[in-house]
Amino acid sequence: MDKSKNLAKVTLVAEIIFMVMLSVSFLIMPFANKMSLNEGKNTLLYFSGAMFWASLVFEAVFLIANGAICKKRIMPENKSRPGALRFFTNTTAKIIDILAILSIIGFVICAFLTDKYVTYGFLSAMLLLVQLHCVVNGKNFEYINSLS
Numbered sequence: 194m195d196k197s198k199n200l201a202k203v204t205l206v207a208e209i210i211f212m213v214m215l216s217v218s219f220l221i222m223p224f225a226n227k228m229s230l231n232e233g234k235n236t237l238l239y240f241s242g243a244m245f246w247a248s249l250v251f252e253a254v255f256l257i258a259n260g261a262i263c264k265k266r267i268m269p270e271n272k273s274r275p276g277a278l279r280f281f282t283n284t285t286a287k288i289i290d291i292l293a294i295l296s297i298i299g300f301v302i303c304a305f306l307t308d309k310y311v312t313y314g315f316l317s318a319m320l321l322l323v324q325l326h327c328v329v330n331g332k333n334f335e336y337i338n339s340l341s
């Protein structure tokens with residue numbers, strides 16, 4: 194396996210790690226807000242904000258890098274739709290797509306019926322799973338998956 198194939202896998206893994214960090218930052222936010230209001234401690238609030246923005250920026254950087262690496266290798270005649278508009282393209286995508294749909298339904302139900310902390314949990318899961326849906330149904334993942 195040549196260097197660019199390994200680099201494509203590494204950038205994909207890094208992108209997914211930053212997706213997880215972005216989702217975790219949403220889980221921290223309500224607790225950080227509560228600490229800030231009740232105890233006057235803003236450290237966790239600043240940390241969650243910094244984690245959100247840093248993970249968002251680095252996720253975008255690795256997304257662009259992965260696209261640039263894989264673009265050179267993907268056949269030009271492969272003019273399929275973007276990953277966000279494709280569903281159930283492989284086994285991993287089937288699992289992620291079903292979980293994403295369930296998390297969206299759970300978020301909508303919880304937004305009206307339950308405590309805000311549960312809603313933030315579903316929001317975090319929904320954010321992560323919708324992002325993963327876009328990645329695992331995309332051409333870059335298809336290419337990287339074919340390398341194994």
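What the sequence shown shows, in the numbering used here, is residues 194 to 341, in sequence order. Glycine included, C-beta positions come from ideal geometry on N, C-alpha and C. Values in this document were obtained by computation on a predicted structure and should not be read as measured data.
For this session: Would you mind sorting Asp-290 into buried or exposed? The rule is 16 or more other CB atoms within 10 Å of its CB.
Result: By one-based count along the sequence shown, residue 290 stands at place 97. Flag for Asp-290 reads buried.
Exercise. Any idea if Val-329 is buried or exposed, counting beta-carbon neighbours within 10 angstroms, 16 or more meaning buried?
Worked result: Residue mapping note: residue 329 aligns to position 136 of the sequence shown, counting from 1. Buried is the call here.
Exercise. Can the beta-carbon of Ile-298 be found less than 8 Å from the beta-carbon of Lys-202?
Worked result: As a first step, residue 298 is located in the sequence shown; it is residue number 105 there, counting from the start. As a first step, residue 202 is located in the sequence shown; it is residue number 9 there, counting from the start. Not in contact: Ile-298 and Lys-202 (Cβ atoms no closer than 8 Å).
For this session: Could you check if Ile-262 is buried or exposed, using at least 16 other CB atoms within 10 Å of its CB as the buried criterion?
Result: Position 69 of the sequence shown, counted from the first residue, corresponds to residue 262. Answer is buried; the Cβ neighbour count reaches 16.
For this session: Rank Ala-247, Met-214, Asn-226, Gly-260 by C-alpha distance to the C-alpha of Gly-331 and give the top, closest one.
Result: Position 138 of the sequence shown, counted from the start, is the residue given in the question as residue 331. For Gly-331, the nearest C-alpha among the options comes from Gly-260.
Exercise. How big is the Cα-Cα spacing for Ser-317 and Met-244?
Worked result: Within the sequence shown, the letter at position 124 stands for residue 317. Within the sequence shown, the letter at position 51 stands for residue 244. Cα to Cα, Ser-317 sits roughly 14 Å from Met-244.
Exercise. If we ignore side chains and look at the alpha-carbon of each, how far apart do Asp-195 and Glu-208 end up?
Worked result: Walking along the sequence shown from the start, residue 195 turns up at place 2. Walking along the sequence shown from the start, residue 208 turns up at place 15. If you take the alpha carbons of Asp-195 and Glu-208, they lie about 20 Å apart.
Exercise. Do you know whose CA, among Val-301, Pro-223, Phe-300, Ala-247, lies nearest Ile-210's CA?
Worked result: Looking up residue 210 in the sequence shown gives position 17. That would be Ala-247, whose Cα lies nearest to the Cα of Ile-210.
Exercise. Where do the ends of the alpha helix (DSSP H) carrying Ala-277 lie?
Worked result: The sequence position of residue 277 within the sequence shown is 84, counting from 1. Ala-277 -> no alpha helix (DSSP H), and no H or E assigned at all.
Problem set entry | Limits of the unbroken alpha helix (DSSP H) element including Lys-227 | Counting from 1 along the sequence shown, the entry for residue 227 is found at position 34. Element bounds for Lys-227: 196-232.
Problem set entry | Separation of Ser-197 from Tyr-310, as counted between CA atoms | What you label residue 310 is simply residue 117 of the sequence shown in a count that begins at 1. What you label residue 197 is simply residue 4 of the sequence shown in a count that begins at 1. The alpha-carbon atoms of Tyr-310 and Ser-197 are separated by roughly 42 Å.
Exercise. Out of curiosity, what's the CA-to-CA distance linking Val-301 and Ala-293?
Worked result: The residue you call residue 301 lines up with position 108 of the sequence shown. The residue you call residue 293 lines up with position 100 of the sequence shown. When rounded, the distance between both Cα atoms is 12 Å.
Problem set entry | Cβ neighbours of Leu-205 in the same chain (closer than 6 Å, five flanking residues each side left out) | Your numbering for residue 205 matches position 12 in the sequence shown. The answer, listed in chain order, is Asn-259, Ile-337.
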